[in-house]
Structures are given as C-alpha cells and as structure tokens.
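Comments concern the structure below.
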Amino acid sequence: MGESLYPAPAPALTLPASAPGPGARAVGLLRAARPKQWLKNLLVLAAPGTAGMLTDPGVLGWTVLTFVLFCLAASGTYLLNDARDVHHDRLHERKRNRPVAAGIVPVPLAVGTGVALVAGALLVAIASGNLPLLAVLLGYLALTTAYTLWLKDITVVDIATVAGCHVLRAVAGGVVIGVPITGWFIIVVSLAALLVVAGKREAELRNPGSEGARASLNGYSRSYLVQIRTMASAAMIVTYCLWALEGGAAHEPNGFHAASIVPFFVFVLRYHQLVDRGVGEEPEEIALRDRPLQLCLLALVGLIGVGIYA
903 MGESLYPAPA PALTLPASAP GPGARAVGLL RAARPKQWLK NLLVLAAPGT AGMLTDPGVL
963 GWTVLTFVLF CLAASGTYLL NDARDVHHDR LHERKRNRPV AAGIVPVPLA VGTGVALVAG
1023 ALLVAIASGN LPLLAVLLGY LALTTAYTLW LKDITVVDIA TVAGCHVLRA VAGGVVIGVP
1083 ITGWFIIVVS LAALLVVAGK REAELRNPGS EGARASLNGY SRSYLVQIRT MASAAMIVTY
1143 CLWALEGGAA HEPNGFHAAS IVPFFVFVLR YHQLVDRGVG EEPEEIALRD RPLQLCLLAL
1203 VGLIGVGIYA
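Reading the sequence shown from the start, the letters are residues 903 to 1212 in our numbering.
Okay, here's the thing in structure tokens:
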C-alpha cells in the first residue's frame, strides 16, 4: 500500500488562536463521532445473516435499529473518550489532529454531545421494549466506560476489553431477534476481534509518534503481539473450517460454505501482510482502502450468502 513503516514526525500541534465558528465545530463534531468506525457495527448483521433471516422485513428492521443504536452509543463514547484523553492525544502524531485535541471542538461540547448520544441510544432501546437489546447495549456501554476510565491502561486487559466490545456488537444482532448464539459463532468472532486489536496495538508500537499516548503499550513487545496474532488467526481458521465443513448454522454439508474457506484464509493472510507493513493502526481504513481485502470479503460473504439463501 506504500505506507512507510516509520512515518516522519508530525509538526508540533498548534491550537487555534481564536474559537472556531459554529460551522467548524459542527464539522469537528461529526469527525469526532468517527463515522468510519461505524463499519464495526455491521457485526450486528452476522448472526441474523448466517441464520438466513435477513430476508424477513421484521428481522431486517430490528437489525437496522440495532445498528443505528450502536452507532449512536459508539460515537458518544468516542467523544467522551477524546474529552478525557485530550492531553494524551496531543502527544500522538496522528491523534493530535482529532477535533477535541486540536481545539476545534471544546471539551465541554464534546462531553455534552457524548452524553446526549449515549442517553439517546438508551432511551430508544427502552422505548423499543426489547429487553435483550437493552441489556446488551448496557453491557457494551459499561465495558466501554470501564475501558475509558481504567482498563485501557492495563496491558493485555485493554486488548481483551476492545475485543469484547466487538463480540457484544455481534451478540446484539442475534439477541434482538431471538437467534441462538452458537459456540462456533462466539469463537470465530472473538478470535477475529482479538486478531484485529492485536494488530492495532502492534502498529501503534511500531509508530514512534505513539510514545506516551497509551500507557498499556509499555507492557507490550512486537514479538509478543505477533504471537497473539498468530495464535488467534490459527485457532480462528481451524474453527471456521470446522464450521464451514459441517454446513454452517444449518449443520448440512454445503459446497458453498466449504468453498468460502478459501477467501476466508486469503483474507487472514492479507490482513497479516498489511499489519506487518505497519498499517494496522486504523483497521477501518484498511477495510475502506485495501482492494484485495475487499475482494476477499466480498467473495466470502457471497459464498456464505448463496449457501444460506439459495
């Protein structure tokens, strides 16, 4: 992809001399909400999708609602996290350009908007009357809050916490429509999340500009994170192969499921290659920009979809 493994140091951060106007603040708030990271919330499609239920309008409606609520909740926690970490972010060559750290969005505004988004997501979940959805959303918010206040500074626990947030997104898509969450599903999603988060930490560790911006990085070494990636991906591939050869959620041998092993395996190999290049710090950017990875994902989803819905 052409990215340098060790980017040149960014120039010193200069805060705006005067308060940004309403337009700049509005754009800054949108950026601080990190809409690119809403891609993670597409995990809510996994459980109903593999259960073959997305063609049901009612199921699709609940799934879309779950996606929207997790986008609101996630953006709210991002704003609150940026407000809390504003001083640390200003030490990071990339994070110093975030709207809150750069002074475009004042800390009180970030906090107020973050609280409003989180409260809005909870109120809609309560109004929906879907108690399982509310329970998972509350669990997600509790975990992200604990991460922001405490867990993010504890080596290993920080990786497990972020991976756990990904798993809760996937679980939410199932519980909202009453789809049983299988052991296969939990294992594959958990290992995939662990792989992505370990790759992110490894990329941060490679970046000299990240020094001082994340306390937990002091407890990691590159070799240790490579081992986590290797173990997670190996276990994930074996588990996925067993699931696919067994016929997926229907437990009926299916040629399309078996064929999906190939793009799945290539997808994992490509991700490892990108992380080794030092570009895994922003997984959503990889997903949006890397064409080989996108083609593998398209083939994977296509084969599974045909095997389930056709």
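Every residue gets a Cβ at the ideal spot worked out from N, C-alpha and C, and that includes glycine.
If the criterion is Cβ atoms closer than 7 Å, does the pair residue i and residue j meet it?
{"i": "Leu1127", "j": "Arg1103", "result": "yes"}
{"i": "Ser1118", "j": "Asp1055", "result": "yes"}
{"i": "Thr968", "j": "Gly1075", "result": "yes"}
{"i": "Ala1160", "j": "Leu1176", "result": "no"}
{"i": "Ala1072", "j": "Ala1212", "result": "no"}
{"i": "Val1098", "j": "Phe1158", "result": "no"}
{"i": "Ala1105", "j": "Glu1183", "result": "yes"}
{"i": "Arg992", "j": "Arg998", "result": "yes"}
{"i": "Ile1006", "j": "Pro1082", "result": "no"}
{"i": "Gly1022", "j": "Leu974", "result": "yes"}
{"i": "Leu1035", "j": "Ala1027", "result": "yes"}
{"i": "Arg1131", "j": "Gly1101", "result": "yes"}
Output needed for residue i: all residues of its chain with C-beta closer than 6 Å, excluding positions within five of it in sequence on either side, in chain order.
{"i": "Thr979", "result": "Thr1046"}
{"i": "Leu1205", "result": "Phe1158, Ala1161 and Ser1162"}
{"i": "Lys938", "result": "Glu1186"}
{"i": "Val961", "result": "Pro950, Met955 and Ile1079"}
{"i": "Ser1125", "result": "none"}
{"i": "His1068", "result": "Ala1095"}
Go ahead and pull the three-state DSSP assignment for residue i.
{"i": "Arg1193", "result": "helix"}
{"i": "Ala1201", "result": "helix"}
{"i": "Arg1071", "result": "helix"}
{"i": "Pro950", "result": "helix"}
{"i": "Tyr1122", "result": "coil"}
{"i": "Ser1162", "result": "coil"}
{"i": "Thr968", "result": "helix"}
{"i": "Ala934", "result": "helix"}
{"i": "Pro1082", "result": "coil"}
{"i": "Trp940", "result": "helix"}
{"i": "Ala1048", "result": "helix"}
{"i": "Arg927", "result": "helix"}
{"i": "Ala914", "result": "Any reading at Ala914 must be qualified, since the residue scores a pLDDT of 47, below 50, and its modelled position is unreliable; the value itself is stated next. Residue state, collapsed to three classes: coil."}
{"i": "Leu1039", "result": "helix"}
{"i": "Ala1212", "result": "coil"}
{"i": "Pro922", "result": "coil"}
{"i": "Asp991", "result": "helix"}
For residue i, which residues of its own chain have a beta-carbon under 8 Å away from its beta-carbon, when the five flanking residues on both sides are left out?
{"i": "Val1009", "result": "Ala985, Val988 and Val1002"}
{"i": "Thr965", "result": "Val946, Leu947, Pro950, Leu956, Gly1075, Val1078 and Ile1079"}
{"i": "Thr1141", "result": "Trp1086, Ile1089, Val1090 and Leu1093"}
{"i": "Leu1144", "result": "Trp1086"}
{"i": "Asn1032", "result": "Trp964 and Val1078"}
Give me, in chain order, the residues of the same chain whose beta-carbon lies closer than 7 Å to that of residue i; leave out the 5 immediate sequence neighbours on both sides.
{"i": "Ser977", "result": "Ala935, Arg936 and Leu1019"}
{"i": "Ile1139", "result": "Phe1167 and Val1170"}
{"i": "Leu1053", "result": "Val1059, Asp1060 and Thr1063"}
Rounded to the nearest angstrom, how far is the Cβ of residue i from that of residue j, given a contact under 8 Å?
{"i": "Gly954", "j": "Ile1210", "result": "5 Å"}
{"i": "Leu971", "j": "Leu1043", "result": "Actually they are not in contact, since the Cβ atoms of Leu971 and Leu1043 sit about 11 Å apart, beyond 8 Å."}
{"i": "Ala1235", "j": "Leu1093", "result": "Outside the modelled stretch of the chain, which goes from 903 to 1212, sits residue 1235, for which no answer is possible."}
Thinking C-alpha only, which one of the options is nearest residue i?
{"i": "Leu1199", "options": "Leu1053, Val1164 and Cys1067", "result": "Val1164"}
{"i": "Phe1167", "options": "Ile1188, Asn1156, Gly1180 and Pro1194", "result": "Pro1194"}
{"i": "Val946", "options": "His994, Gln1129 and Val1091", "result": "Val1091"}
{"i": "Leu1051", "options": "Pro922, Val1026 and Asn983", "result": "Asn983"}
{"i": "Glu1187", "options": "Leu941, Asn1120, Ile1130 and Gly1031", "result": "Leu941"}
{"i": "Asn1120", "options": "Val1058, Ala1062 and Cys1067", "result": "Val1058"}
{"i": "Leu1011", "options": "Pro959, Ala928, Ala1100 and Asn1156", "result": "Ala928"}
{"i": "Ala926", "options": "Gly1066, Ala1004 and Pro1034", "result": "Ala1004"}
{"i": "Gly1016", "options": "Leu932, Ala1134, Gly1101 and Ala1201", "result": "Leu932"}
{"i": "Ala1037", "options": "Leu1024, Ala1048 and Tyr1049", "result": "Leu1024"}
{"i": "Arg996", "options": "Asp958, Gln1196, Asn1109 and Ser1135", "result": "Asn1109"}
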